[in-house]
Every structure is written in C-alpha cells, then in structure tokens.
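Reviewing the structure listed below.
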Amino acid sequence: MAIPTKKEIMSFSPMNTGEKENLPNYKRNAFAEIKKAIQTNLITAVTGLRRVGKTTLIKQVLGRNAFYFSFDEKKYANTEALKQVIEVFLEEKEKPTIFLDEIFRVEDWAGVLKKYHDQKKVKFVVSGSSSLLIRKGVESLSGRLSTHYLPPLQFNEYLEMIGKKHETSNNIFKIKRYEEELNQFLKKGSFPEITKFNDKDAQEYIRSSTIEKIVFDDIPNTFKIEHPSKLYDLMKLCATNSSRLFTEVNLAEAVQLSRHAVSDYLLYLEKAYLTTTIYPQGSFQKALKKEKKILVKTASIYNALAENPNAGQAAETAVYDKLSLEKLAFYRDAQQREVDFIQNTTPIEVKYQSTITRVDANNLLYYLNKYKKTKGVIITKNLFDEKKINGKTIIYIPLDTFLLIKPQTLNLL
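Residue numbers for the sequence shown, in the numbering used here: 1465 to 1877.
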C-alpha cells in the first residue's frame, strides 16, 4: 500500500495547477448529458468499457476548473491514498471539484466519498470500467449518486472524427451511404484513440490496451480469479462465437473449467462491458433453461479477437452495439426458426450478404404471422427497399444506414 505525496498529487495532471491540458477538439455525443449532470449537487459517475473516452470526455467538460487523480495504478488503489488525495486538493481550494478516475479499484471508495459529500466539502466526479463495483457504491450512496454509461464510439461519431460530415434525416431512405467507412468502423471504430491507426495496429491496441488489461488486471484485482489465462480463453471463445447460441456447459467443456466457474467468469466479462448475453423471447424463467446468445460488445473487439472472423458475425455484433441500450431478446423455436433480435416489439434479422432473396425473409415472416405483427426489418449489405410480402411490410436497410438511424426514428420502424 502506497500513499502519494502532495508533490506527486499536484504534478499528476496539468489540471491540478490550473494549466490547460491538451485534449481533442472532438466531443462525444454524451458531452451535453455529462455537462448537465456535473452541474448538479450529486456525485457524478461515468462508467463504460476501457478506452472509450470517459476520462477525455470528463476533462473536456471540467476544463481547468477541477482537480484530477487516477487510481489505475494498483499501488495507490487504497483508502488512505484516496483520503490523502482529497485532503491535498481541499488545501488548494475551498469546495473543489475533484475528478477521481478508476476509483472503483479503491476498497470502500463510496464510504470515503460519502463522508466528504455529506459535509458539502467537495463536488466529486468519478469514473470506472466496472458496472458491478459501481452498483456496490450505489447501495451506500443512495440518493447521492448520478450514474451515466458512455458506450463505445458509435458510427455517426466515428464519421465525424475522421472528418466525414453527415446529415441526419427522419427519412431513412434519404440517409447518405458510407460503405467504405463502414468497413473500417467494423475493425477499429469503437475506440476514439485508434480511428486513424492501420488495421494491424488497431487490432493489437484493442487486444493489449483493452481486452488483456481487463482480463489480466482489472478483473483479477476485483474478483478472485484462479485462472486468468482461462478467463482470456473464455473471452476469445466468446468473440469467436459472437452472435451464436451457447450453453454454459458447452463453454465449460471448451475451456476446461467447471460450469460454476464459467458462469462467474461470464458475469465478470459482462460487468466489465466486454460481453453480453441475450435471452430468447418469453418468460425469464423459461428463457434461463434454453440456449442463450453470446455477443461481444463491439464489432472491432470481435474482429480483433475472434478466430477466422467473418463479415456476417461482425455485422450482427455491430447491430447489437447499436441496439444495446434497448431491451433485446431473440426468437428461436423448436424447428430452429430464428430471428436475430427482437427490439421492443420489432423483429430484426441480419442478412449481411451480397444477394438477398425471398427465402431470407421466411423466418421474419413466420414471426410476424405468429405474433400478429405488421412490420419487420432486415439488415443487409446493399439492398435498400420496402416490400409488401403476404400483407406484411419488410424494410431492407443497409448496415451503414442502419447504424446512422437516430434512436427516435429507430423506434418508429
């Protein structure tokens, strides 16, 4: 356990001495939301996957009017170091705003912040990469904490970062196509720092700075992990099988772990924002007994880690990334008729291929008839159309266009 000196704390960031920090000009979509949250009296917490830009976004919002310290280094991730950091900043300014990065690594971080917050001494802004740890903080900071999730970089943000200005429209058929840019986005578009990297360097960055950092550092420092290498094997298996059906028994056999260990490891990966599990449509209790669908968080993670990645799985993973803030399920019956996503009440199929035929709509049409729905969506590679088939409306949308649809428009499809 180490405690930083005042000199180390004050020299940790230019922000601590009122100097301007060199930050990107581009601002994420969430900038206004985070700015509004920071203006409240609550402790503001921003969570999300590693390297998606949480620290940069918060620094952009705060400017020079705050102090900053990170607990990413294990040696300072202790309560005494946290108290020392806060006391040093209190000496510098009355009622300071203090940004504490990766604070969830500190044991009893919530208890320490609660004391200062209740005394109205400090405005705290915190960030971290584990939703499970912030949930623990919510319990002891009830009524004092405002939490915000920063997703990976979305396609519209990626286009703006690479200098491609695009117009939004409520009419999806008027949205400009970005096929070439889509191919790059699927490989490296989720992380702001690597938008201009070549493909090889981008994928190495994703593996080393995001996945390996989480699997071999973040998770073992938080939970009891007996086999970090097995956790990494499981993560690679999840990537290779992204968008496919799984059971914990099958995964356990593949990585040679117990079913119980695999269940725990999947939870840790999900709480670190690396993977997610989607359940079949129906009652939750029944869904628990059926095969589930595993997905990694982004197409770029899929492409960086999967064995022999293919465009179809990358596309389905990208569709999930777009829809991930919504309530999602999938449909599959005893005859193996499957619909990839059920978003609210809208069925969505992903057919990322050069040729689309009437047969490709069969499962969607079966679902629409079974549940008496009128409209479904097929995500394609190129086909852009709206067709009436047997009294049902099928909207064919190219993937690049679908990723640019505004949320309010998406809900109206």
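The beta carbon of each residue, even a glycine, is placed where N, CA and C say it ideally should be.
Closest residue to residue i among the options (Cα-Cα distance)
{"i": "threonine 1740", "options": "Leu1709, Thr1844, Thr1821 and Glu1717", "result": "Leu1709"}
{"i": "threonine 1865", "options": "Arg1528, Asn1826, Thr1857 and Asp1849", "result": "Asp1849"}
{"i": "serine 1707", "options": "Tyr1743, Asn1854 and Ile1675", "result": "Tyr1743"}
{"i": "leucine 1792", "options": "Lys1815, Thr1819, Gly1746 and Val1589", "result": "Gly1746"}
{"i": "leucine 1832", "options": "Lys1856, Gly1607, Lys1640 and Asp1824", "result": "Lys1856"}
{"i": "lysine 1547", "options": "Glu1485, Lys1834, Ala1574 and Thr1508", "result": "Ala1574"}
{"i": "threonine 1809", "options": "Lys1836, Ile1562 and Lys1652", "result": "Lys1836"}
{"i": "aspartate 1536", "options": "Gln1777, Gly1592 and Glu1712", "result": "Gly1592"}
{"i": "leucine 1564", "options": "Leu1487, Phe1531 and Val1719", "result": "Phe1531"}
{"i": "glutamate 1755", "options": "Lys1518, Lys1786, Tyr1784 and Asp1797", "result": "Asp1797"}
{"i": "phenylalanine 1553", "options": "Tyr1622, Glu1676 and Phe1476", "result": "Phe1476"}
{"i": "valine 1525", "options": "Lys1538, Ile1498 and Phe1687", "result": "Ile1498"}
{"i": "leucine 1701", "options": "Ile1758, Asn1647 and Glu1690", "result": "Ile1758"}
{"i": "glutamate 1790", "options": "Gln1799, Leu1513, Phe1805 and Ala1496", "result": "Phe1805"}
{"i": "leucine 1646", "options": "Tyr1830, Val1576, Tyr1816 and Lys1839", "result": "Tyr1816"}
Beta-carbon proximity check, residue i vs residue j, cutoff 8 Å
{"i": "asparagine 1620", "j": "histidine 1612", "result": "no"}
{"i": "glutamate 1566", "j": "asparagine 1542", "result": "no"}
{"i": "isoleucine 1658", "j": "tyrosine 1669", "result": "yes"}
{"i": "valine 1803", "j": "isoleucine 1843", "result": "no"}
{"i": "tyrosine 1737", "j": "leucine 1695", "result": "no"}
{"i": "lysine 1651", "j": "glutamine 1667", "result": "yes"}
{"i": "valine 1589", "j": "tyrosine 1580", "result": "no"}
{"i": "isoleucine 1820", "j": "tyrosine 1795", "result": "no"}
{"i": "leucine 1605", "j": "isoleucine 1507", "result": "yes"}
{"i": "tyrosine 1766", "j": "alanine 1778", "result": "yes"}
Endpoints, beta strand (DSSP E) assigned at residue i
{"i": "threonine 1740", "result": "1739-1742"}
{"i": "tyrosine 1613", "result": "1609-1613"}
{"i": "arginine 1708", "result": "1708-1710"}
{"i": "alanine 1509", "result": "1507-1511"}
{"i": "leucine 1759", "result": "1756-1760"}
According to DSSP, residues forming a beta bridge with residue i
{"i": "glutamine 1807", "result": "Leu1792 and Thr1810"}
{"i": "aspartate 1565", "result": "Ser1534"}
{"i": "tyrosine 1860", "result": "Ile1842 and Asp1849"}
{"i": "serine 1693", "result": "Partner(s): none; serine 1693 has no beta bridge."}
{"i": "serine 1654", "result": "Answer is none; serine 1654 lacks a bridge partner."}
Start and end residues, alpha helix (DSSP H) containing residue i
{"i": "glycine 1776", "result": "1775-1787"}
{"i": "lysine 1585", "result": "It is not in any alpha helix (DSSP H) - lysine 1585 carries neither H nor E in the DSSP assignment."}
{"i": "threonine 1686", "result": "1683-1686"}
{"i": "threonine 1543", "result": "1543-1556"}
{"i": "leucine 1828", "result": "1826-1834"}
{"i": "phenylalanine 1768", "result": "The question names phenylalanine, yet the displayed sequence has alanine at residue 1768. Here the alpha helix (DSSP H) through alanine 1768 covers 1763-1769."}
{"i": "glutamate 1497", "result": "1495-1502"}
{"i": "threonine 1520", "result": "1518-1526"}
{"i": "asparagine 1620", "result": "1619-1625"}
{"i": "alanine 1666", "result": "1663-1669"}
{"i": "valine 1726", "result": "1723-1735"}
{"i": "isoleucine 1473", "result": "1470-1474"}
For residue j and residue i, believed in contact at Cβ under 8 Å, the rounded distance
{"i": "lysine 1761", "j": "proline 1616", "result": "6 Å"}
{"i": "alanine 1763", "j": "threonine 1781", "result": "5 Å"}
{"i": "arginine 1492", "j": "leucine 1623", "result": "Going by Cβ atoms, the distance from arginine 1492 to leucine 1623 rounds to 13 Å, so no, they are not a contact pair."}
{"i": "lysine 1523", "j": "methionine 1474", "result": "The pair is not a contact, with the Cβ atoms about 17 Å apart (cut-off 8 Å)."}
{"i": "alanine 1825", "j": "isoleucine 1869", "result": "Not really, about 20 Å apart at Cβ, beyond 8 Å."}
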